[in-house]
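One structure is given here, and the rest of the page talks about it.
Numbering (this note's numbering), first residue to last: 48 to 563.
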């Protein structure tokens, strides 16, 4: 029911690797369980010895039910809350039951949840996956450096196979870190071959993804009618129930004549959601929101990325029309789009999701996104209070809030809130099991607090997408990290060689002045 379009088997010739022979399908290694620890039963629980784990990995053949036993379950469901020493039953692609002593079929694979936290899969609503092949090059950049080097100078060097390599590696790192759904903000799709490569990588990863089709080489009204989006809808994205789905991506309008209208009409007529960079410092700020409002395109299906330098009138218009905002706090704090607007958005009642933006700079996991969002909001509260000679006695934004943004908030932003975002019977089984027996997590006192402030991608033990195990016992089952590394390194070398050694070095160490 929720299956993706078939993609080439790993055993066939890899069309995206022009230099190496294909790899065989990675074997699922049997492994002994790791560690003894404390049973996490919540505050005041007594310690109990963790028995030796089975000597063999459970068999996760397709269709076999899976039951998590004895976990601390952060459901994200307001009715179910946090449950201790609880079980979760997965049958097929669906969560069937949550609670104590859940009965399971005799054939079910059992995953030991003791000393573990089970949480909903995290959702990233804004990730420029194609840029992953130049990871780390821009750690010293501002938004102006990024626009110069990535947008203006380097993006033309990306071949279809480089887009594939970036997307595939980005999905590997997302799934490895517990991000089960990612929106690929793919603004480099200026040929059908680039678009197919982006889609191929998402399908091949077996993760859940949204391809947000964009093209920075021309304004949207110039490419939207070229037939490629319709081709993809017809041949690759015909169902909204598949793992990988389609929407559109572009920047908020700047021209009051609204030449972008054909693109917005195209999206409306095909029931396609739109994600847009908006409210970014250095660009027309509130003007874009006003243009969309005046022309009837402030829609509940719109995601406004950053939205960090808008005025109250713009926030009110977004709130009144049901739009949502994707906050990329690490990005906004470092690049200069504007201060993360979490507090202002909350005060206007606008739904929030989180994103990591691009690994040209940043951490690319949602634990970092949650921490950065919370730290930025609380830091600003303290700074503003101190400026008035006051003291903040209680924090407003809480750990449960940012977990919600990283899970249910992301699902809502993608129009998937009824099927994803919480551990609720009937929803799809996109789940993440975190170790709570590591040096960073022991003793487990409050799972929500520790997910946000102590957990890292190293604690991600097991990941399910659509009921399928993609990571188990700390090891990726699929996608293939060795293949991702090989493809990404080849693409990085290709871009670096075309850029040239001098510019490549200069880009990594731009002048250290504060203002131009």
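For every residue, glycine included, the Cβ atom is placed at its ideal position computed from N, Cα and C.
Among the options, nearest to residue i - alpha-carbon criterion
{"i": "residue 106", "options": "520, 232, 433", "result": "520"}
{"i": "residue 273", "options": "556, 239, 475, 130", "result": "239"}
{"i": "residue 285", "options": "317, 271, 254, 299", "result": "317"}
{"i": "residue 550", "options": "141, 210, 195", "result": "195"}
{"i": "residue 327", "options": "288, 347, 383", "result": "383"}
{"i": "residue 213", "options": "190, 242, 270", "result": "242"}
{"i": "residue 202", "options": "264, 189, 169", "result": "264"}
{"i": "residue 485", "options": "310, 163, 513, 134", "result": "163"}
{"i": "residue 157", "options": "140, 111, 349", "result": "111"}
{"i": "residue 496", "options": "450, 370, 224", "result": "450"}
{"i": "residue 439", "options": "453, 424, 446, 452", "result": "424"}
{"i": "residue 538", "options": "277, 288, 210, 124", "result": "210"}
{"i": "residue 113", "options": "152, 392, 288", "result": "152"}
{"i": "residue 392", "options": "160, 409, 352", "result": "352"}
{"i": "residue 123", "options": "461, 528, 446, 292", "result": "446"}
{"i": "residue 357", "options": "388, 269, 452, 454", "result": "388"}
{"i": "residue 381", "options": "147, 190, 132, 161", "result": "190"}
{"i": "residue 311", "options": "331, 342, 125, 131", "result": "342"}
{"i": "residue 360", "options": "465, 394, 132, 452", "result": "394"}
{"i": "residue 132", "options": "115, 452, 234", "result": "115"}
{"i": "residue 180", "options": "430, 531, 465, 526", "result": "531"}
Residue i in three-state terms, based on DSSP
{"i": "residue 89", "result": "Because the pLDDT of residue 89 is 37, which lies under 50, any placement of that residue in the model is unreliable, and the number read from its coordinates should be weighed accordingly. Residue 89: coil per DSSP, three-state reduction."}
{"i": "residue 549", "result": "helix"}
{"i": "residue 529", "result": "helix"}
{"i": "residue 438", "result": "coil"}
{"i": "residue 141", "result": "strand"}
{"i": "residue 126", "result": "coil"}
{"i": "residue 60", "result": "Interpretation of residue 60 is limited by its pLDDT of 48, a score under 50 that renders its predicted location unreliable; the figure taken from the coordinates is listed afterwards. It is coil, neither helix nor strand."}
{"i": "residue 475", "result": "strand"}
{"i": "residue 395", "result": "coil"}
{"i": "residue 72", "result": "Residue placement at residue 72 cannot be trusted, given a pLDDT of 31 that sits under 50; what the coordinates show is reported in the next sentence. Residue state, collapsed to three classes: coil."}
{"i": "residue 79", "result": "Caution applies to residue 79, whose pLDDT of 31 falls short of 50 and renders its modelled position unreliable; the value that the coordinates give is listed next. Of the three classes helix, strand and coil, the one that applies to residue 79 here is coil, per DSSP."}
{"i": "residue 583", "result": "Nothing in the structure corresponds to residue 583, since the chain is present only between 48 and 563."}
{"i": "residue 152", "result": "coil"}
{"i": "residue 450", "result": "helix"}
{"i": "residue 167", "result": "strand"}
{"i": "residue 118", "result": "strand"}
{"i": "residue 381", "result": "helix"}
{"i": "residue 262", "result": "strand"}
{"i": "residue 102", "result": "At residue 102, the pLDDT of 40 sits below 50, so the modelled position is not reliable; the number obtained from the coordinates is stated separately. The answer is coil: DSSP assigns residue 102 none of H, G, I, E or B."}
{"i": "residue 535", "result": "helix"}
{"i": "residue 542", "result": "helix"}
{"i": "residue 412", "result": "coil"}
Contact with chain B by residue i, beta-carbon distance below 8 Å
{"i": "residue 117", "result": "Chain labels in this structure do not include chain B; a single protein chain is all it has."}
Rounded Cβ spacing between residue i and residue j (contact assumed at less than 8 Å)
{"i": "residue 416", "j": "residue 402", "result": "7 Å"}
{"i": "residue 185", "j": "residue 192", "result": "7 Å"}
{"i": "residue 137", "j": "residue 511", "result": "7 Å"}
{"i": "residue 502", "j": "residue 491", "result": "Contact doesn't hold; Cβ gap of about 11 Å is too wide."}
{"i": "residue 576", "j": "residue 275", "result": "Past the edges of the chain, shown from 48 to 563, lies residue 576, and the structure says nothing about it."}
{"i": "residue 524", "j": "residue 534", "result": "Residue 524 to residue 534, Cβ: 19 Å. No contact."}
{"i": "residue 205", "j": "residue 177", "result": "6 Å"}
{"i": "residue 412", "j": "residue 173", "result": "With a Cβ gap of about 14 Å, residue 412 and residue 173 do not count as contacting."}
{"i": "residue 244", "j": "residue 207", "result": "4 Å"}
{"i": "residue 232", "j": "residue 256", "result": "Incorrect: roughly 11 Å between the Cβ atoms, too far for contact."}
{"i": "residue 140", "j": "residue 462", "result": "Not confirmed; about 18 Å, so no contact."}
{"i": "residue 288", "j": "residue 504", "result": "With a Cβ gap of about 29 Å, residue 288 and residue 504 do not count as contacting."}
Test item: CB-CB of residue i and residue j under 8 Å
{"i": "residue 396", "j": "residue 427", "result": "no"}
{"i": "residue 227", "j": "residue 494", "result": "no"}
{"i": "residue 145", "j": "residue 472", "result": "yes"}
{"i": "residue 377", "j": "residue 386", "result": "no"}
{"i": "residue 149", "j": "residue 134", "result": "yes"}
{"i": "residue 477", "j": "residue 168", "result": "yes"}
{"i": "residue 373", "j": "residue 350", "result": "yes"}
{"i": "residue 246", "j": "residue 216", "result": "no"}
{"i": "residue 475", "j": "residue 508", "result": "no"}
{"i": "residue 564", "j": "residue 299", "result": "Since the first and last residues shown for the chain are 48 and 563, residue 564 lies out of range."}
{"i": "residue 444", "j": "residue 458", "result": "no"}
{"i": "residue 345", "j": "residue 370", "result": "yes"}
{"i": "residue 221", "j": "residue 261", "result": "no"}
{"i": "residue 290", "j": "residue 319", "result": "no"}
{"i": "residue 336", "j": "residue 365", "result": "yes"}
{"i": "residue 499", "j": "residue 421", "result": "yes"}
{"i": "residue 303", "j": "residue 338", "result": "yes"}
{"i": "residue 225", "j": "residue 161", "result": "no"}
{"i": "residue 488", "j": "residue 506", "result": "yes"}
{"i": "residue 470", "j": "residue 197", "result": "no"}
The ligand MN heavy atom lying under 7 Å from the CB of residue i
{"i": "residue 161", "result": "Inclusion of the ligand MN in the displayed structure is not the case, the ligand content being empty and no account of it being possible."}
Subject >> Secondary structure, alpha helix (DSSP H): runs of 4+ residues fully inside the region 294-379 >> reply: 308-316, 333-341, 359-367
Original post:
At what residue ranges does the region 177-260 contain a whole run of the beta strand (DSSP E), taking only runs of 3 or more?
Top reply: 226-233, 255-260
Subject >> Residue ranges of each alpha helix (DSSP H) within the region 492-531, 4 or longer >> reply: 494-500
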